[in-house]
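Residue numbers (UniProt numbering): 1 to 132.
Using N, Cα and C, we set each Cβ at its ideal position, and we do this for glycine too.
Remember, predicted model here, so these are calculated numbers, not experimental data.
To start, the structure under review is shown below, and the notes come after it.
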Ligand code: THU
């Protein structure tokens with residue numbers, strides 16, 4: 001598939017997505033500052049607004065493990081068009097990622113579809129520094 005473990009993690013976790021309502025399966029994997037990989041998949045709910053995005057799951061796993069900084073992130077969707085993070089997830093990523101963070105969006109087999117920096121995805125972002 002690919003020799004990039006972060007891409008492989010995003011593709012692999014996507015297989016576990018729970019998305020019976022949208023049928024839109026998403027996987028996300030991030031690398032934290034200590035080099036570890038954390039992954040998450042979207043987890044929908046019959047009460048629709050309670051669903052959780054893949055990126056949020058990966059971030060929660062990182063925080064639960066005591067890490068605070070994202071150094072790389074990959075999002076895997078299933079279509080030919082890149083699954084770009086939703087607006088809320090862009091803000092969540094900003095909390096733990098620098099503006100120059102690379103955000104890679106890949107397909108179901110790990111093919112790279114789009115690469116953006118976080119600043120490109122969320123320009124003029126409000127972030128932790130604004131409250132310092
Ligand atoms: N979804 C994600 O997991 N991440 C995104 O950034 C885009 C959307 C999920 C949420 C929902 O379960 C499904 O995709 C359709 O919106």
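In this structure, DSSP gives residue 97 an extended state, which the three-state scheme calls strand. Residue 96 sits close to residue 70, with the two beta carbons spaced by under 8 angstroms. Going by C-alpha positions, residue 11 is about 24 angstroms away from residue 48.
Secondary structure note for residue 13: its alpha helix (DSSP H) is the uninterrupted segment 5-14. Using a Cβ distance threshold of 8 angstroms, residue 9 and residue 52 do not count as a contacting pair. Runs of beta strand (DSSP E) with 3 or more residues, each lying fully within the segment 68-96, are found at 70-76, listed in chain order. Straight-line measurement puts the Cα of residue 110 at about 24 angstroms from the Cα of residue 99. Contact check for residue 56 against residue 92 passes: the beta carbons are separated by less than 8 angstroms. Look at residue 113 here: in three-state DSSP terms it is strand. Residue 94 holds the alpha-carbon nearest to the alpha-carbon of residue 59 among 21, 82, 80, 94. Nearest neighbour of residue 119 by Cα position, chosen from 112, 113, 127, turns out to be 127. Here the distance from the Cβ of residue 85 to the nearest heavy atom of the ligand THU is below 7 angstroms.
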